[in-house]
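Structure record follows, encoded as C-alpha cells.
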Amino acid sequence: MKNWMLANPNCMATDGIEFRTVPLKSRCLGLHGGTCGGHGSGAARRRAGGPKKQMQVNKSKLRAPRALCCLTLSNPIRMAALALVEWKYPDSHPFDIFILLAIFANCVALGVSRPFPEDDSNATNHNLEQVEYIFLVIFTIETFMKILAYGLVMHPSAYIRSGWNLLDFIIVIVGLFSVVAEMGEPKSGDAHHASGKPGGLDVKALRAFRVLRPLRLVSGVPSLQIVLNSIMKAMVPLFHIGLLVMFVIIIYAIIGLELFIGRMHKTCYYVGTNLFVEDDPTPCAFAGSGRVCVGNGTACRGGWEGPNGGITNFDNIFFAMLTVFQCITMEGWTEVLYWV
C-alpha cells in the first residue's frame, strides 16, 4: 500500500486526502486509549500517591519505636496514650482544646488572686489555692500522657526535645515541688522555720513560677509559635541595629564629655551659706554661659551632686552615655538642653 501511494502521488492529490505521520503517543491515545490511558492514569496515581505515602512515612517516623525504653508502639498503655494525645474529632483535637481551656482558666485564676502581706489570706484566695491543685493535676496528667506517647528525651521526637514542651515540663516540675515543699512546711506559728525566713524554704519564691503558666498558651497555639519564632529570628538583625545605636551614643557621649564635663554640679546658694536657694535645685552657670542666679544674696557655685541624684552629668563616659540615652528617648531632654 505504501509503495502504491508513493508511485501514484496524483491519486492522493485528486482524492483530497492528506497523509501525515502520527506520533506514537497520539496513536496510542486514539487507537488504544484504554490501554495507554490506563498506563498514564496509573503513573499519575503513583505520582499523586507518592507525597501522601511520604507524609504517612514521616508521620510514622515521628513516633519512636520505644518510649521510656520499654513501651513499644504495640503496647496497650502507649497506644491508649497516643489515642488520647492525638485524638481527632472530626477536624479538631479535643485533648489540646481542653488543655488550652485549662490554661486560660488558670490565667484567670492567677489574675483574680489577691496577695496579702505577712501570709494573710481570705476566703477567695483559699478557694483559688484549692483550684490551683486541680490545674496542677490536669497539667501533670497531660505531661505524663505525652511522655508515655512520645518518650522523654532519648528520641528526636521525644517530649522534652521541643523547647515549648521543655518549658511546660519545668513549670509542672516546679509546681509539684512547691506542693511537696508546702506539705513539709512548718505551721506559721513556728517562728524558727517560718516561710520566707532564714532557716526555712521560701515557698513564695516557688509560687512565683506560676506566672510562667500563661506562656503555655504559646505551646498550645501554633500561630503564636510562628509569631514568637519570627521574633526570635529577628533578634540578630535587631542586635545589629542596637550595636549601631550604641555606637552613635558613644560618639555623642564623648562629645558631651569634652564640652560639658563638670557643668551639672553648680547651683544657686545663699552667699556665705551652704543652703540652696531652690527647694529643687537645678544647674546654673556664670553670666553668659547658662542659667544665672537672679536673687539678691545668691551665687552660683559648685559642690552640688547634680540633678537626678547625680546621675545626669557628663563627668565620665558611662554617665555621659546614660544622659545621651535619656535625650534620645525624648524623656527630659529639654531640661538637659537648658542645663548645659
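Using UniProt numbering, the first residue of the sequence shown is number 1, and each one after it goes up by one. Beta carbons are placed, not taken as given, at the ideal position from N, Cα and C, and that holds for glycine.
Item, Value
"Which residues bound the alpha helix (DSSP H) around A301?", "According to the sequence shown, residue 301 is Arg rather than Ala. Segment T298 to R301 is the beta strand (DSSP E) holding R301; no alpha helix (DSSP H) there."
"Please list the segments of the alpha helix (DSSP H) lying wholly inside the segment 242 to 328, counting only runs of 4 or more residues, in order along the chain.", "307 to 310 and 317 to 328"
"CA-CA distance, G332 and G303?", "23 Å"
"For L71, list the residues DSSP reports as bridge partners.", "A67"
"Does the contact criterion of 3 or more C-beta pairs under 8 Å hold for the segment 301 to 319 versus the segment 267 to 287?", "yes"
"Closest by CA to G297, which one among F325, C268, T323 and L322?", "C268"
"In whole angstroms, what separates the C-alpha of W87 from that of L71?", "19 Å"
"As an exercise, report each continuous alpha helix (DSSP H) stretch of at least 4 residues that is fully enclosed by the segment 106 to 193, in chain order.", "123 to 150 and 163 to 183"
"Relative to the C-alpha of E258, which candidate in L228, F314, Y338 and A299 has its C-alpha closest?", "F314"
"How far does the alpha helix (DSSP H) with P222 in it reach, from first residue to last?", "P222 to K233"
"In chain order, what residues of the same chain have a beta carbon less than 8 Å from the beta carbon of V153, not counting five sequence neighbours either side?", "Y159, I160 and R161"
"Are the beta-carbon atoms belonging to R114 and N127 less than 9 Å from one another?", "no"
"Would the segment 174 to 181 and the segment 79 to 95 be scored as touching if the rule is three or more Cβ pairs under 8 Å?", "no"
"Would you report the Cα separation of I311 and F319, rounded to the nearest angstrom?", "6 Å"
"Sort A102, S157 and V340 by Cα distance to I255 and report the nearest one.", "V340"
"Taking the straight line between their C-alpha atoms, what separation do you get for V211 and M79?", "34 Å"
"Nearest-angstrom Cα distance between L337 and D280?", "18 Å"
"So, at 8 Å on beta carbons, what are the nonlocal neighbours of A81 in its own chain, with the 5 sequence-adjacent residues on each side left out?", "M145, K146, L148 and A149"
"Would you mind working out which of T140, W164, H155 and T323 sits nearest R66, comparing C-alpha positions?", "H155"
"Going by the CB atoms, is the gap between L167 and S223 shorter than 9 Å?", "no"
"Quick one: grab the DSSP three-state call for S26.", "Legend: pLDDT at S26 = 45, less than 50; position of this residue unreliable, value from coordinates given subsequently. Three-state DSSP puts S26 in a helix."
"If you draw a straight line from the C-alpha of C107 to the C-alpha of Q326, how long is it?", "36 Å"
"Work out the CA separation of M264 and C293 for me, nearest whole Å.", "15 Å"
"Drop a sphere of 10 angstroms on the beta-carbon of C69, count the other beta-carbons inside from all chains shown, and report buried for 16 or more, exposed for fewer.", "exposed"
"What would DSSP say about M330, mapped onto helix, strand or coil?", "coil"
"So residue 347 and I99 are supposed to be a Cβ contact under 8 Å. How far apart are they, rounded?", "Residue 347 is absent from the structure shown; the chain starts at 1 and stops at 340."
"Can you give me the C-alpha to C-alpha distance between N308 and T140, rounded to a whole angstrom?", "50 Å"
"Using CA atoms only, rank isn't needed, just tell me which of I249, N316 and L206 is closest to V180.", "L206"
"Confirm, please, whether the CB-CB distance from A253 to V324 is below 9 Å.", "yes"
"Do you know whose CA, among A285, Y270, M235 and N316, lies nearest G295's CA?", "Y270"
"Nearest to R213 by CA position, among I170, A285, E118 and C284, is which residue?", "I170"
"For S219, does the three-state DSSP call read helix, strand or coil?", "helix"
"Please list the terminal residues of the continuous alpha helix (DSSP H) segment that includes P76.", "P76 to V85"
"Taking the alpha carbon of I250 as the reference point, which residue from A208, L322 and N229 has its own alpha carbon closest?", "L322"
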